[in-house]
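Structure, as structure tokens:
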């Protein structure tokens, strides 16, 4: 095409590898590289770096999961292993993100159960796995050790390290060969600081993924959007302390007022739309992994990311060859291939 | 000085010759031309953008969301859509978000049908319009109806630019220029300018979303760096024609489209894109603020807890979300920190004991509750003593993180 972008960057986003196949010492059906960009998201033909991934979020205790999801899944939810397997088969996410929400209960101590849950998910689902452990410093050490050990060799992505709460997770990642999510509260300087802290603890930069915290669409999303753009441009300008791939999961998306108070008839559709807009915008801001909770959002996002990434032939080698997809079976916004809808 | 800072206009100086005016004008003029679509209350300006990233300054003029109708449709079907565009309002954080106008597509092959369709639109509302017909003879039929209401003419191509420019000039309308190879847009723009049409909009006619975001980024970069001044115009995107409207709307809003044409959106989609547009076009330096006052969660009674926080919308919504999740009826007292967050409001002194005491009095909080206990944010702890003295209310220091508010209330709130 006749118009060129003027970007001239000196930096490059680092690459992080997630998941390990049998030949790589794990048991996943695929492993992914994320990051590697030398330019803004989706720019260039083909774009630089690796295509963004879509993660499907599940949990082991549904009591704090969005009501709209519980309503959608109904009796289809049994336990995390079967949930991960069925969702993987039906909706084709690139990877699974397991929230160990059971650890949020007061005085939680059942670490053996955590280990069993992780093993179960790894056994049932062949996809690379992100695990969100505890959110309470008092049990971090036991929880992350249990997750880390149960997934040894699988190159998990463990979340979430924060300033003042990163040692247990870093220790588990280092001991068992996993990567770490580093979360900071929508602040580029704090993001950078935490990356430095993690590296000083011994976590190499190719095992750190930045989570700049994503507010839901309409509830501060613009701050997250701009922080992601700033992290990305700083890295491309050469700031190595910010040159890690970004993960974005706007976990409040499905509990915002628009979704909660939607008419029952359209609440599922509002949920999917809200997630789709937030996640696709995050990918355009520079996120390498976008996370969603409504399974119907997955095929829509995969389609949109493919369309932004470029031609169908390029797709074959990246996603298609590993995971023969049968997308669309229940997708509401199928990509139209016929004539324009207005012609009728 | 005024000229250099962008406050004065070079045309107001009577002593400059044309050459000097041109030189001065081109370095002080906004790199992307301001174009107005429509007339009256609902008309909207596009363009005059300065940056590629909103964090560098801000994005100024939100894109027009134009809902398409077709001249193959019945009058009723057209008017139903137009009425919806006219009437739809989504109120978000105190502002009205609306659809912007109507795009009338010529698909019938019959110029008279196009004219009838434009008449049908005009009967219902005075909305900004895009007239979409590539044949100048058809366009003329539409302009005969609404040409004096400054519709956006779509489009002049390399084949039709002469006649389309004549129409745009005669009616004083903005004109979309469309080139199948975007590399030829600068030439086409210069030709149209040479024919006396200044208010132009660019359609790069990208064959895919991937191409659109590449080309649109290139146009924005070349425009704001003034490396190709002929590209200093707003960008047009026919989102409906991409076959994946939702993805195209997101991409268009984030990647510099100023006019988007879309199929009649459902309620979910409409809510989402109006919200995204508002988010992205919010000035990063002027955070969205809540109106100060008392906000009720659930149906609080005289012994319900009272929580104080600032009027930064994000703080408000975050706290509100966790309070709703906690299911404890309570009062939120929002004080005016000019949109600053708790931490910055404490640091800058905007949040202080005088403001708190005066706000409590002004909102007549003592009439709402029988107790005199006020929960303040954890980060405002240094102010607790002074707030007690100034207001006479007992101060309880809440958690720093809103996520912990439910647990805090459960443990600490005993009346």
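Residue numbers (our numbering), protein chains in the order written: chain A, 11 to 354; chain B, 990 to 1404. Each residue gets a CB set at the ideal place from its N, CA and C atoms; glycine is no exception. Remember, predicted model here, so these are calculated numbers, not experimental data.
query: Taking only beta-carbon atoms, is residue 1103 (chain B) less than 7 Å away from chain A?; result: no
query: May I ask you to list the residues that DSSP assigns as paired with residue 1190 (chain B)?; result: B:1165
query: The beta strand (DSSP E) spanning residue 84 (chain A) covers which residue range?; result: No beta strand (DSSP E) contains residue 84 (chain A), which DSSP labels as neither H nor E.
query: Return the first residue and the last residue of the beta strand (DSSP E) that residue 26 (chain A) is part of.; result: 25-28
query: Return the CA-CA distance between residue 1147 (chain B) and residue 1097 (chain B), expressed in angstroms with no decimal places.; result: 23 Å
query: Just checking: is the beta-carbon of residue 208 (chain A) within a distance shorter than 7 Å of some beta-carbon in chain B?; result: no
query: Compute the distance between the beta-carbons of residue 1375 (chain B) and residue 1342 (chain B), then report whether it is under 7 Å.; result: yes
query: Starting from the Cα of residue 1108 (chain B), find the closest Cα among B:1058, B:1225, B:1124, B:1231 and give me that residue.; result: B:1058
query: Pull up the distance between the alpha-carbon of residue 1320 (chain B) and that of residue 1033 (chain B), whole angstroms please.; result: 39 Å
query: Is there a Cβ from chain B that is less than 7 Å from the Cβ of residue 41 (chain A)?; result: no
query: Between which two residues does the beta strand (DSSP E) carrying residue 981 (chain B) extend?; result: Summary: the structure shown does not reach residue 981 (chain B), with chain B confined to residues 990 through 1404, and so no result is reported for it.
query: Please determine, among A:196, A:229, A:221, the residue with the shortest C-alpha to C-alpha distance to residue 1082 (chain B).; result: A:229
query: Would you mind listing the beta strand (DSSP E) stretches within the region 40-124 of chain A that are 3+ residues and don't spill past its ends, in chain order?; result: 42-45, 63-69, 105-109
query: What does residue 240 (chain A) reach in chain B if we use C-beta pairs closer than 9 Å?; result: 1042, 1044
query: CB residue 1331 (chain B) to CB residue 1368 (chain B), shorter than 7 Å?; result: yes
query: Of all the options A:79, A:163, A:251, which has the alpha carbon lying nearest to the alpha carbon of residue 306 (chain A)?; result: A:79
query: Is it a yes or a no for the region 1019-1039 of chain B touching the region 1132-1144 of chain B, going by three-plus beta-carbon pairs under 8 Å?; result: yes
query: When Cβ atoms are compared, which residues of the region 189-209 of chain A fall closer than 8 Å to chain B?; result: none
query: Can you tell me whether residue 1284 (chain B) is helix, strand or coil according to DSSP?; result: strand
query: I need the DSSP call for residue 151 (chain A), collapsed to helix, strand or coil.; result: helix
query: Contact check, residue 1043 (chain B) vs residue 1289 (chain B) under 8 Å by CB: the rounded distance?; result: Not quite, the Cβ-Cβ distance comes to about 38 Å (not below 8 Å), so this is no contact.
query: Does the beta-carbon of residue 12 (chain A) have 16 or more other beta-carbons within 10 angstroms, so that it is buried, or is it exposed?; result: exposed
query: Can you check whether the CB of residue 1317 (chain B) is closer than 7 Å to the CB of residue 1279 (chain B)?; result: no
query: Report the rounded CA-to-CA distance for residue 328 (chain A) versus residue 69 (chain A), giving the unit in angstroms.; result: Reliability fails at residue 328 (chain A), whose pLDDT of 40 lies under 50, so the model's placement of it is uncertain and the value that follows must be treated cautiously. Roughly 28 Å between the two C-alpha positions.
query: Could you compute how far the alpha carbon of residue 1169 (chain B) sits from the alpha carbon of residue 1177 (chain B)?; result: 11 Å
query: Within the chosen definition, does the region 291-302 of chain A reach the region 271-278 of chain A through at least 3 CB pairs nearer than 8 Å?; result: no
query: Could you spell out the range, first to last residue, of the alpha helix (DSSP H) harbouring residue 303 (chain A)?; result: Careful: residue 303 (chain A) lies outside any alpha helix (DSSP H) and carries neither H nor E.
query: Tell me whether the beta-carbon of residue 1297 (chain B) lies closer than 7 Å to the beta-carbon of residue 1394 (chain B).; result: no
query: Under a three-way DSSP split, which group does residue 1021 (chain B) fall into?; result: coil
query: How far does the beta strand (DSSP E) with residue 1081 (chain B) in it extend, from its first residue to its last?; result: 1079-1081
query: For residue 197 (chain A) versus residue 226 (chain A), is the C-beta spacing smaller than 7 Å?; result: no
query: Tell me which same chain residues have a C-beta within less than 6 Å of the C-beta of residue 1240 (chain B), skipping the five on either side of it?; result: 1198, 1202
query: Using only the alpha-carbon positions, how far apart do residue 332 (chain A) and residue 136 (chain A) sit?; result: In this prediction, residue 332 (chain A) has a pLDDT of 34, which is less than 50 and means its spatial position is unreliable; what the coordinates show is noted afterwards. Their backbone Cα atoms lie some 12 Å apart in a straight line.
query: Using DSSP bridges, identify the partner residues of residue 1143 (chain B).; result: B:1121, B:1165
query: Could you tell me the boundaries of the beta strand (DSSP E) in which residue 256 (chain A) lies?; result: 256-258
query: Here's a check: name, in chain order, each residue in its chain whose Cβ is nearer than 7 Å to the Cβ of residue 1002 (chain B), leaving out the five neighbours to either side.; result: none
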